[in-house]
Structure formats: structure tokens, C-alpha cells
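**Q** In the numbering used here, the protein residues as written are 185 to 574. In this text, a Cβ means the ideal position worked out from N, Cα and C, and glycines have one as well. Next up is a structure, given as C-alpha cells.
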Ligand code: NAI
């Protein structure tokens, strides 16, 4: 395929937050172009957003149904290749399902749906149609997160015993949903957000990061959810004890009332021989702590000599030389670049490399929804441990 992949968007208009980040990320490597959209729930905003983004007026649609239907009728050489869905949580499933059924690949925000049933239906649709679905768990795109995963996988730390993952934010410390914050309003509304605010919004990121880096699956958990802010309809803080498949134990904290925090994602993993630490607010560093050794600092973009050579997964996802910081936008762009390479390879009848296939998929989306369900079930019930059932 000697052309850019053509992208359509659902949501992400001038009234949105994350849509613009998706566009920056998608365009960063010059492999993707925006050709159409149903950019907002408000047709006027959608129209204006299309104009601002130089999308042809006839391809700015009134709603996602019209967009997917009309695009599917365009000739092969014109129609979009994939849809990016960046709407509130309750509006992920329907456009994703319709797009897959009509032959389009999909990039969708987390949490993938608002129920396990919907998530499983998307999994079935992906398997039946053979299409690709990419879920944007942002933190898995960082080079030093990939380095951490590679070092765990190669047994650098020995058998993993302990996983501690945190995602504290402070922006919901007040009742922002009643103070004109549109993003807070839908997030705190059970009908538009799902069963849990804190776990849907950021807990799924933390759970995904823990499973991604450790390579281990959560098997059961014990959860404590709280609504600290009076008048809020959903939880805004959660602590979860985790049991992983090889006997490893974990702790997950996700909180949106940690006043003063920004996006302080941090993961620490400890094995028999040593441990690692990575933090989103310092993402080009990976701290390695081995028993009886001084601490080591691995940094993005270095050509270290053996045995410190960075993994091919880290270098594949690095763009600039060491010392030039990379961040959220590049991490997001890595997810898009790998997705685009996989889609292109599949269309050309080739097998994508392992590095290209390294992005979150529909299976991670199903696990994310099962995580939320299990946390809520355990928090509401009386049993100490609840099995993670898919
Ligand atoms: P937002 O409220 O800022 O934007 C939502 C957009 O969807 C708006 O443009 C709105 O008009 C549009 N929309 C709503 N209904 C629509 C419909 N029927 N058709 C077309 N457009 C429609 O929300 P935000 O913060 O951008 O979040 C969107 C999604 O992205 C959520 O699922 C959220 O969980 C996820 N997210 C993920 C992040 C990450 O780190 N991966 C960060 C922030 C959000």
C-alpha cells in the first residue's frame, strides 16, 4: 500500500479533550490522514471542527451511523480505512461494532465499552470479521515501559513476587461535574460512564499497565471503593489487592481525589533478584534495583553496550536521540504507528513483526471491562476475594 491510511473520527470536535491528542499522534509519522468525521454530538460544532481541520464539507457527517454507512459506499480508493472513536464511554460500543461490521478497522478509547457483554460482543465481531481493533491504553506506548516488560520477560528479576501500581489524580477533588465541567459531568454519570468512575477512567489504565509489564494476569481481587465528594453519583477513589496467576501479589490504587496530583501513574515490580520502577511524570527513566547492586538508571534512546542493550521493543518505539525528552504524545503515536503498520501488513498479506503488533487490542478491552465488573462486585459483596471471571 503506497499511500497513507485514511482515518475517520467519531467525537474529538472542538468541544472535546482527547480527540486532538489522537490527531497529533496519528499524524506524527506521516502514515495517516484525516478524511472524515462526525466530530461532535452538536452538528454545528461538528461542522466547524471539520472546517478547522480542512475536512471536505461533504465528509463531515451528522452522526456516526451516516458516516459509516456513506463511507462504506465510497469507492475503495476514497473511503476511510479506519475509525477512531473518542466519545464518552457509553458511546464506544455501537460505532465500533457498526464500523467492524462494515469492514473498517477501529481505534477506540478505554474503557472499551460499559459492560463485559458489550466487550465480548466486540471480541466476537473482531474475530469473525478479521478486522483490527486498537485500544488506546496510553502508558503501554512508552519506550521505557516496553524496556521494563522486556526485562521482566527475559527473567532479569527472577520470579515476580510483587506488583504495585498507582494512578492518583486530584482533578475531581471537588464536585466539578456540577460546576460546568463537561468532561467531569459525563464521567460522573453512571448512564454515560459505566459502573465505576475511578476504575473506568483510570483504574483500567493501571490494571492494563500491571498486566502488560509483568506479563501476568490478575486472577482474583479484593476491592474498596469510596465516594469522597458529597453529591457525586459514582466512586472517586479505589484501593485493590490483586492476586496474579503465578502467585505474585499486587496492590492497585486509583484515585481522583488525591488533591494536588496530576497524572502520577507509577509502577513498581519486584522479583526474587531485584525490581523496577517507572513513573509517567518522568517517563524517559527506568530505575532498576537489583539485590546487592547499586541502582541503575536506564534512559530512552541510548545505544548501551551488552549486557545493558535496550530491547528492540524499546528502540522501535523511540524517535529521538537520548537526552531529548519524549512524552505522552510520542507514546500515543507509538500506539498509532504500530496499529497502522499492522493494518497495512495485513492488507498486503504480510505478517506484521512482533514489535508492530505490540499495541493493546480487543482482548485487553475485555479484560479491562472484567476488571471493572470484578472490582464493583467485590466492593458491593461480602466475599473477601472475588475471582476475575471473563
Ligand atoms: P470529552 O467530553 O472532552 O469529548 C467527547 C467528545 O465526544 C465531544 O466532542 C462530544 O461532542 C463527542 N460526542 C458525544 N456524543 C457523540 C456522538 N453521538 N457522536 C459524535 N460525537 C459525540 O471527552 P474526552 O475527555 O475527550 O474523553 C473521550 C474518551 O476518551 C473517553 O472514553 C475517555 O475515557 C477517553 N480518554 C482516554 C484518555 C487516555 O489517556 N487514553 C485520556 C482522556 C480521555
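#1: Identify whether residue 548 lies in helix, strand or coil by the three-state DSSP scheme.
#2: Where residue 465 and residue 442 are concerned, what is the direct C-alpha to C-alpha distance, given to the nearest angstrom?
#3: Measuring alpha carbon to alpha carbon, tell me which of 289, 328 and 330 ends up nearest residue 310.
#4: Hey, could you find the ends of the beta strand (DSSP E) residue 313 is sitting in?
#5: Alpha carbon to alpha carbon, what distance is there between residue 515 and residue 409?
#6: Quick one: any contact between the segment 356-372 and the segment 310-319, if contact means 3 or more CB pairs under 8 Å?
#7: Okay, do the segment 278-285 and the segment 205-212 touch, 3+ Cβ pairs below 8 Å being the bar?
#8: Return the first residue and the last residue of the alpha helix (DSSP H) that residue 480 is part of.
#9: At a threshold of 6 Å, does residue 420 count as lining the ligand NAI (C-beta to nearest heavy atom)?
#10: Taking 6 Å as the line, does the beta carbon of residue 239 fall inside it for any heavy atom of the ligand NAI?
#11: Is the beta carbon of residue 578 within less than 6 Å of some heavy atom of the ligand NAI?
#12: Under the criterion of a Cβ to heavy atom distance below 6 Å, does residue 224 qualify as lining the ligand NAI?
#13: Thinking C-alpha only, which one of 458, 253 and 314 is nearest residue 343?
#14: Roughly how many angstroms lie between the CA atoms of residue 481 and residue 562, to the nearest whole one?
#15: Determine the contact status of residue 194 and residue 269, defining contact as a CB-CB distance below 7 Å.
#16: Starting from residue 248, follow the beta strand (DSSP E) in both directions and report where the run begins and ends.
#17: Roughly how many angstroms lie between the CA atoms of residue 303 and residue 548, to the nearest whole one?
#18: If you measure between the beta carbons of residue 349 and residue 451, is that distance less than 7 Å?
#19: How should residue 476 be labelled, buried or exposed, when 16 other C-beta atoms within 10 angstroms of its C-beta is the threshold for buried?
#20: Taking the DSSP output, what are the residues bridged to residue 470?
#21: Assuming residue 419 contacts residue 380 under a Cβ cut-off of 8 Å, what Cβ separation, rounded to an integer in Å, is found between them?
#22: Determine contact between the segment 322-337 and the segment 498-511, defined as no fewer than three beta-carbon pairs at a distance below 8 Å.
#23: Can we count residue 275 as close to the ligand ATP, meaning its CB is less than 6 Å from some heavy atom?
#24: Please state whether the Cβ-Cβ distance between residue 572 and residue 446 is less than 7 Å.
#25: Taking the straight line between their C-alpha atoms, what separation do you get for residue 455 and residue 401?
#26: Going by DSSP, which residues form a beta bridge with residue 290?
#27: Quickly, what does DSSP pair residue 410 with across the bridge? List them, please.
#28: I need the straight-line Cα distance from residue 545 to residue 387, nearest angstrom please.
#29: Assuming residue 215 contacts residue 521 (C-beta within less than 8 Å), just tell me the rounded distance between them.
#30: For residue 461, report the span of its beta strand (DSSP E) as first-last.
#31: For residue 211, tell me which candidate among 189, 196 and 231 has the shortest Cα-Cα distance.
#32: In its own chain, which residues sit with a C-beta less than 8 Å from the C-beta of residue 201, not counting the 5 before and 5 after it?
#33: Given that a residue counts as buried once 16 or more other Cβ atoms are within 10 Å of its Cβ, and exposed if not, what is residue 296?
#34: If we ignore side chains and look at the alpha-carbon of each, how far apart do residue 517 and residue 529 end up?
#35: Please report the distance separating the alpha-carbon of residue 203 from that of residue 525.
**A** By the coordinates alone:
#1: Residue numbering aside, residue 548 sits at position 364 when the chain shown is read from its first letter. Helix at residue 548.
#2: Sequence index remark: in the chain shown, residue 465 carries index 281 (1-based). Sequence index remark: in the chain shown, residue 442 carries index 258 (1-based). Distance between the alpha carbons of residue 465 and residue 442 is about 16 Å.
#3: Counted from its first residue, the chain shown places residue 310 at position 126. Ranking the options by Cα distance to residue 310, first place goes to 289.
#4: Start at 1 with the first residue of the chain shown, and residue 313 comes out as number 129. Here residue 313 belongs to no beta strand (DSSP E); instead the alpha helix (DSSP H) covers 300-313.
#5: Taking the first residue of the chain shown as position 1, residue 409 is located at position 225. Taking the first residue of the chain shown as position 1, residue 515 is located at position 331. Straight-line Cα distance between these residues: approximately 30 Å.
#6: no
#7: A contact is defined here as three or more CB-CB pairs under 8 Å, and the segment 278-285 fails this definition with respect to the segment 205-212.
#8: For the purposes of this step, residue 480 is taken as the residue at position 296 of the chain shown. Careful: residue 480 lies outside any alpha helix (DSSP H), inside the beta strand (DSSP E) at 480-483.
#9: Within the chain shown, numbered from 1, the residue matching residue 420 stands at position 236. The answer is no for residue 420.
#10: As a first step, residue 239 must be located in the chain shown, where it is residue number 55. It does not: the Cβ of residue 239 is nowhere closer than 6 Å to a heavy atom of the ligand NAI.
#11: Because residue 578 is not part of the residues shown, which for the chain are 185 to 574, the question remains open.
#12: Here residue 224 refers to the residue found at position 40 of the chain shown. Yes, Cβ of residue 224 sits closer than 6 Å to a heavy atom of the ligand NAI.
#13: One-based indexing of the chain shown puts residue 343 at position 159. Residue 343 has its Cα closest to that of 458, out of 458, 253 and 314.
#14: The residue given as residue 481 occupies position 297 in the chain shown. The residue given as residue 562 occupies position 378 in the chain shown. Each residue's alpha carbon lies about 38 Å from the other.
#15: Residue numbering aside, residue 194 sits at position 10 when the chain shown is read from its first letter. Residue numbering aside, residue 269 sits at position 85 when the chain shown is read from its first letter. Yes, these two residues count as a Cβ contact at 7 Å.
#16: Counted from its first residue, the chain shown places residue 248 at position 64. Counting along the chain, residue 248 falls outside any beta strand (DSSP E), though it belongs to the alpha helix (DSSP H) covering 248-257.
#17: Reading the chain shown from its first residue, position 119 is the one you call residue 303. Reading the chain shown from its first residue, position 364 is the one you call residue 548. Each residue's Cα considered, the two are about 10 Å apart.
#18: For the purposes of this step, residue 349 is identified with residue 165 of the chain shown, where counting begins at 1. For the purposes of this step, residue 451 is identified with residue 267 of the chain shown, where counting begins at 1. Less than 7 Å separates the beta-carbon of residue 349 from that of residue 451.
#19: The sequence position of residue 476 within the chain shown is 292, counting from 1. Looking at its Cβ environment, which holds fewer than 16 other Cβ atoms inside 10 Å, residue 476 is exposed.
#20: As a first step, residue 470 is located in the chain shown; it is residue number 286 there, counting from the start. In DSSP, residue 470 forms a bridge with 482.
#21: One-based indexing of the chain shown puts residue 419 at position 235. One-based indexing of the chain shown puts residue 380 at position 196. Contact holds; Cβ gap of about 6 Å.
#22: At 8 Å Cβ cutoff, the stretches touch.
#23: No copy of the ligand ATP appears in this structure; the ligands present are the ligand NAI.
#24: Your numbering for residue 572 matches position 388 in the chain shown. Your numbering for residue 446 matches position 262 in the chain shown. No. Outside cutoff.
#25: As a first step, residue 455 must be located in the chain shown, where it is residue number 271. As a first step, residue 401 must be located in the chain shown, where it is residue number 217. Looking at the two C-alpha atoms, the distance is approximately 16 Å.
#26: Here the question's residue 290 lines up with position 106 in the chain shown. DSSP, once it has assigned bridges, lists 267 and 317 as partnering residue 290.
#27: One-based indexing of the chain shown puts residue 410 at position 226. Beta-bridge pairing links residue 410 to 421.
#28: Along the chain shown, one-based indexing puts residue 545 at 361. Along the chain shown, one-based indexing puts residue 387 at 203. Their backbone Cα atoms lie some 17 Å apart in a straight line.
#29: Here residue 215 refers to the residue found at position 31 when the chain shown is read from its first residue. Here residue 521 refers to the residue found at position 337 when the chain shown is read from its first residue. That pair is a contact at about 7 Å.
#30: Against the chain shown, residue 461 aligns to sequence position 277. Taken as a continuous stretch (DSSP letters only), the beta strand (DSSP E) holding residue 461 covers 458-463.
#31: Locating residue 211 in the chain shown gives position 27, counting from the first residue. Selected option, being the one with the closest Cα: 189.
#32: Here residue 201 refers to the residue found at position 17 when the chain shown is read from its first residue. 367, listed in sequence order.
#33: Position 112 of the chain shown holds residue 296. With 16 or more other Cβ atoms within 10 Å, it is buried.
#34: Indexing the chain shown from 1 puts residue 517 at position 333. Indexing the chain shown from 1 puts residue 529 at position 345. Taking the straight line from one Cα to the other gives about 18 Å.
#35: Translated into positions along the chain shown, residue 203 becomes position 19. Translated into positions along the chain shown, residue 525 becomes position 341. Each residue's alpha carbon lies about 21 Å from the other.
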